[in-house]
Each structure stands twice: as structure tokens, then as C-alpha cells.
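Written out below as C-alpha cells is the structure these notes cover.
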Amino acid sequence: MEFKRARSDEQRNERRLQILRTAAEMLAEMPVAKITLNELSRRVGLAKSNVLRYFESREAVLLELLDAEAQDWLAHLDRALEAGGGTPRQRGDRLAAILAESLAQRPALCDLTNAHASVLEHNVSAEVALRHKRATRATYETQSQLILRCLPELGSHDATQLAATATLITAAAWPYSRPPEALLAAYAADPELATMRLDFTDLLRQTLAVTISGLLARRHNPPVDEATMTAES
Numbered sequence: 001m002e003f004k005r006a007r008s009d010e011q012r013n014e015r016r017l018q019i020l021r022t023a024a025e026m027l028a029e030m031p032v033a034k035i036t037l038n039e040l041s042r043r044v045g046l047a048k049s050n051v052l053r054y055f056e057s058r059e060a061v062l063l064e065l066l067d068a069e070a071q072d073w074l075a076h077l078d079r080a081l082e083a084g085g086g087t088p089r090q091r092g093d094r095l096a097a098i099l100a101e102s103l104a105q106r107p108a109l110c111d112l113t114n115a116h117a118s119v120l121e122h123n124v125s126a127e128v129a130l131r132h133k134r135a136t137r138a139t140y141e142t143q144s145q146l147i148l149r150c151l152p153e154l155g156s157h158d159a160t161q162l163a164a165t166a167t168l169i170t171a172a173a174w175p176y177s178r179p180p181e182a183l184l185a186a187y188a189a190d191p192e193l194a195t196m197r198l199d200f201t202d203l204l205r206q207t208l209a210v211t212i213s214g215l216l217a218r219r220h221n222p223p224v225d226e227a228t229m230t231a232e233s
């Protein structure tokens, strides 16, 4: 294929989108760890040096893809989350279930989240890191607003804490819920060991439900001020 340089901003943007779409297609076939810049370049139909005209590294491509996947998830949450009725506990449990189930339906987002801190934030410039962190902050802010739609009792600070917890648990639980062939064979050989295999959706749902209950309890039962205790005694 003859390389044709993108001349206009529109052509350059389209080429960037083409690279991102191809990376997303690869993520549907393989984990982040197996995506290489060489293979990405081959599938896009560009030399690696030409791909690097648009993204400074493989990690920069995947960081931007992570931001795009997060925006798509937020759009889904905007449609799925409603105020609803019931007690704070009931609404918190529904919120935890929706967050867990929606993340489980997005393996690319979960895999990118798992690789985020240990892989994707390395081998990038300060400029790329700054752009990504600003996008991450905006994601948390939007997610916090959506959480408050269902559970205003949390308050903005705890809603943001819940959003951060969802990210951390996703990153930790995802690889454990995707065991390699050897572990699958071990579980099949010894059914008692199979209980050690994690169910991603169930673990995330339970962890978020407990976190929500804890945040609500702490918010409505603040510690007694030591000065007040002294004065009263």
C-alpha cells in the first residue's frame, strides 16, 4: 500500500481514529499485553514510523483508547442510572449491580483499566500524561454526578471515592477472573479448587455494595469530636 500523507486536519483526525479503531478491534481478539506497535501498524496499513506521527508510543494509543472507552461507558450509565425509589440501602445495592454488570460487559475497558497504572502510564511524555489525567478527572467528575443521581445521600466527595473504588477493584479483579488454560485445567481436575475462581461481576457488585453501605454509615455517623467529649465530661 502506498503511503499518502494526511494533509488536512480532517485527514489527520481520521487517521488517528483509524488507528484507535484498529487498536479496539485488536483488543477484542487479544489482551493488552499482546498488542504490539508492529502488529497495530500492519493492520492499519502504515509503517510503524508513520503510526508514530500520530501517537508517540503504543501506550499513548492505548491511553487514548481507554479514555474513549470510559466515555462510552459513561454514556451507557447516563441512560441506565435513575433516581428510583426505596431506601438508601436498596438504591445503593441497585447502583452497585448496574456498575458491576455494565463494566463486565466491557472487557476492553476492564483490560485497559487493569494495565493502566503498571503499563499504559509508562513510556509516554508529560504532555500525553497531562492530557490523559485531565480526561480521567473529567471521567470521575461525570461518574460522581451520575452516582449522585441515584444516591444523593453520599455527597460529592464520597461519590468520587466510590468511582475511584470501582476503578481500583476492576483493575485488581479483572485478571483473576480470566485464568489461563493451566488454571482452568486445575479447576477441572479438582472441583474443590474451582471455588477459588473469581466471578468478576459478583465480586465487583458485592465490593461496591459494601463500600456504599460503609460510606453511608460513616457519613451519617461521624466521629465525636474529642474537644466535645472533653467538654461534656
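Per the UniProt record's numbering, the sequence shown starts with residue 1, numbered consecutively.
Ideal Cβ placement from N, Cα and C applies to all residues, glycine included.
- G92 is the residue among D199, A117 and G92 whose C-alpha sits nearest the C-alpha of A217.
- Per DSSP, T195 is not a residue of any alpha helix (DSSP H), being assigned neither H nor E.
- Beyond the five residues adjoining it in sequence on each side, P88 comes within less than 7 Å, by CB distance, of L151, E153 and L216 in the same chain, given in chain order.
- Nearest to A104 by C-alpha distance, out of G86, H76 and S118, is H76.
- When DSSP states are grouped into helix, strand and coil, F55 belongs to the coil group.
- In the DSSP assignment, N114 falls within the alpha helix (DSSP H) that extends over P107 to A115.
- By the 16-neighbour rule on beta-carbons within 10 angstroms, T160 is buried.
- L65 is the residue among E39, L208 and L65 whose C-alpha sits nearest the C-alpha of T136.
- The alpha carbon of D199 has as its nearest neighbour, out of L146, A173, D158 and R16, the alpha carbon of A173.
- Inter-segment contact for the region 194-212 and the region 78-87 is absent: fewer than three beta-carbon pairs are separated by less than 8 Å.
- Between the alpha carbons of D202 and D158 lies a gap of roughly 22 Å.
- Under the DSSP assignment, L120 falls outside any alpha helix (DSSP H); it carries neither an H nor an E label.
- Going by DSSP, L203 is part of the alpha helix (DSSP H) stretching over F200 to R219.
- Taken through DSSP and simplified to helix, strand or coil, M30 comes out as coil.
- Sequence-distant Cβ neighbours of E101 in its own chain, meaning closer than 8 Å and more than five residues away, are T201 and R205.
- Minimum Cα-Cα distance from E56 among the listed residues T167, Y140 and N123 corresponds to N123.
- Counting every other CB atom within 10 Å of its CB across the protein chains shown gives D67 a total of 16 or more, marking it as buried.
- Judged by DSSP in its simplified three-state form, E82 adopts coil rather than helix or strand.
- For S49, the closest of A117, R43, L37 and A60 by C-alpha to C-alpha distance is L37.
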